[in-house]
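In the working numbering, the protein residues as written are 1 to 85. From the three backbone atoms N, C-alpha and C, an ideal C-beta is built for every residue, glycine too.
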Amino acid sequence: MGCQQALLHPVQNLLAILEYLCGEANKVFNCSVYYGRLVWFKENRFVTQGEVCGQMKWKVHFNDIYGSSSQQICNGVVESLRSFK
């Protein structure tokens, strides 16, 4: 089973909002991965979901998008890092 992309033709205002939100979500993901790797290499342990969200809540990118979306991104990163156990 594959994934099919949906072709959107949004108006200019909506396109700008979507691009901004996707960019901020990508920045939250990158910051979370960076923090998780930093803790792993310095302390040789995996981060917890609360720890990542606690660190990321001070970041501008985390607060620019909805809180539940930001938390879900951080939780996904933690689950991905745990898969390397």
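{"query": "Considering Tyr65, what are the terminal residues of the alpha helix (DSSP H) in which it resides?", "result": "Residue identity check: residue 65 is Ile in the sequence provided, not Tyr. Careful: Ile65 lies outside any alpha helix (DSSP H) and carries neither H nor E."}
{"query": "Looking at Val33: is its Cβ nearer than 7 Å to the Cβ of Val60?", "result": "no"}
{"query": "Just verifying my parser: in three-state terms, what is the DSSP assignment at Asn44?", "result": "coil"}
{"query": "Can you tell me whether Lys57 sits near the ligand NAD, meaning its C-beta is under 6 Å from at least one heavy atom of the ligand?", "result": "The ligand NAD is absent from the structure shown, which contains no ligands of any kind."}
{"query": "Taking Cys53 as part of the alpha helix (DSSP H), name the residues at either end of that continuous run.", "result": "Gln49 to Met56"}
{"query": "CB Cys53 to CB Cys31, shorter than 7 Å?", "result": "no"}
{"query": "For Leu81 and Phe46, which I take to be in contact (beta-carbon distance under 8 Å), what is that distance rounded to the nearest angstrom?", "result": "6 Å"}
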